[in-house]
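Numbering (my numbering), first residue to last: 1 to 323.
For glycine and all other residues, C-beta sits at the position ideal for the given N, C-alpha and C.
All figures in this text were calculated on a predicted structure; none of them were measured in a lab.
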Ligand code: AHG
Ligand code: MN
Ligand code: MN
């Protein structure tokens with residue numbers, strides 16, 4: 001059987017050539033990130049051997065390496081006007097005549113690097129018709145306006161998952177040819193689930209509604225929900241969301257009383273919005289306790305947000321505990 005390539009898929013979707021160039025460019029960069037990750041600790045060893053700086057300043061952490069790879073590659077694309085990254089303080093101008101803005105989390109779950117566990121790159125593509133210098137205000141668009149979004153999961157195989165607003169497609173990297181091949185385009189999150197994903201060690205710091213919701217899941221068959229739930233937590237949103245796209249479930253990263261001024265841990269424009277675009281395209285839901293995440297008007301590129309996503313009915317149930 002012949003699997004379609006990413007370019008075949010985008011052509012078949014009638015994706016505009018300029019948007020294709022952005023998605024194909026991100027895919028190419030991710031292959032280089034996956035090579036850097038595969039070197040693991042050796043990247044540091046090799047870097048140190050060749051480094052001239054006695055301060056060791058060339059031994060960049062992999063999330064900085066990933067950020068620089070994406071930033072440099074996007075800057076070469078005429079369709080990209082600017083970018084915003086979790087690792088950059090301010091927005092970065094690329095090609096002023098470009099039409100697209102890209103926001104990204106270069107390496108999600110980077111604490112997993114030290115234990116050789118899963119990490120990923122998450123990205124979102126917005127459009128802009130602004131002229132002149134690139135400004136942060138152009139980026140401050142609700143997630144509903146994304147032109148495309150996706151992630152690359154660097155796991156036992158590298159997988160690229162994207163949506164251009166017409167369903168969700170999963171591609172697997174063939175390491176022999178360095179190409180992403182379409183392996184699933186029928187992604188659907190079942191409305192109900194018996195699996196949830198949350199960092200349980202923080203339970204006592206959540207708001208009372210979230211504490212009660214999770215306690216009632218934990219109470220299982222004998223509790224008010226009347227069924228047993230399973231739990232999974234990879235500590236990389238990209239891997240937890242991938243599992244939910246593959247087999248369903250609910251994921252949450254709630255507000256936490258230890259940082260009451262901070263809305264949540266996850267970032268709206270680098271994590272919640274792109275994942276939300278995929279989740280909604282797969283028939284799931286993504287909410288804060290107050291409303292749908294894709295409807296939030298951002299006021300800051302680095303804004304954080306509490307996240308509840310996944311199986312539509314379970315997300316609605318969780319949100320209802322907060323009303
Ligand atoms: P990042 O590595 O980009 O900072 O993101 C990590 C995030 C997210 O991916 C994950 O769900 C969460 O942090 C893990 O948090 P805990 O440390 O509480 O498990
Ligand atoms: Mn992240
Ligand atoms: Mn990150």
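About 5 Å separates the beta carbon of residue 319 from that of residue 287, a gap short enough to meet the 8 Å contact definition.
When secondary structure is reduced to three states using DSSP, residue 118 falls in the coil class, being assigned neither helix nor strand. The shortest CA-to-CA distance from residue 227 to any of 217, 236 and 235 is the one to 217. Within the DSSP bridge table, the entry for residue 159 names 153 and 172 as partners. Non-local C-beta neighbours of residue 4 in its own chain, meaning closer than 6 Å and more than five positions away in sequence, comprise 182, ordered along the chain. Residues with their Cβ less than 5 Å from any non-hydrogen atom of ligand 2, running along the chain, are 105 and 108. Of the other Cβ atoms in all chains shown, 16 or more fall within 10 Å of the Cβ of residue 71; this residue is therefore buried.
Within the region 272–301, the runs of alpha helix (DSSP H) at least 4 residues long that lie entirely inside it are, in chain order, 273–281. Judged by pairs of C-beta atoms under 8 Å, the region 17–31 does not touch the region 194–213, as fewer than three such pairs exist.
Relative to ligand 3, the nearest heavy atom lies less than 7 Å away from the CB of residue 63. A distance of 8 Å or more separates the beta carbons of residue 189 and residue 276.
For residue 85, the secondary structure class from DSSP, reduced to helix, strand or coil, is strand.
Scanning its chain for C-beta atoms nearer than 8 Å, with the 5 sequence neighbours on each side dropped, one finds around residue 147 the residues 19, 100, 125, 126, 127, 164 and 165, in chain order. Judged by the Cβ position, residue 110 qualifies as a neighbour of ligand 3 at the 7 Å threshold, a heavy atom of the ligand being closer than this. By the criterion of at least three beta-carbon pairs nearer than 8 Å, the region 31–39 is not in contact with the region 76–90. Between the beta-carbon of residue 98 and that of residue 84 there is about 14 Å, and that puts the pair past the 8 Å contact cut. Going by C-alpha positions, residue 193 is about 14 Å away from residue 241.
When rounded, the separation of the alpha-carbon atoms in residue 214 and residue 306 is 15 Å.
With contacts defined as CB atoms closer than 8 Å, residue 304 and residue 278 fail to qualify as a contacting pair. In the DSSP assignment, residue 222 falls outside any beta strand (DSSP E), carrying neither H nor E. For residue 229, there is no enclosing beta strand (DSSP E), since its DSSP letter is neither H nor E.
DSSP, read as helix, strand or coil, puts residue 128 in coil. Counting only residues of its own chain and dropping the five nearest sequence neighbours on each side, residue 295 has a CB closer than 7 Å to the CB of 142 and 144. Assigned with DSSP and collapsed to three states, residue 69 falls in helix. Nearest to residue 280 by alpha-carbon distance, out of 176, 196, 312 and 11, is 312. Boundaries of the beta strand (DSSP E) around residue 252: 250–253. When secondary structure is reduced to three states using DSSP, residue 135 falls in the coil class, being assigned neither helix nor strand. DSSP places residue 97 outside both helix and strand once states are collapsed to three, so it counts as coil. Going by DSSP, residue 192 is part of no beta strand (DSSP E) at all; its letter is neither H nor E. The C-beta distance from residue 102 to residue 154 rounds to 19 Å, too long to meet the 8 Å contact threshold.
No Cβ-Cβ contact shorter than 8 Å links residue 271 with residue 73. Pairing residue 161 with residue 6, the inter-Cα distance amounts to about 10 Å.
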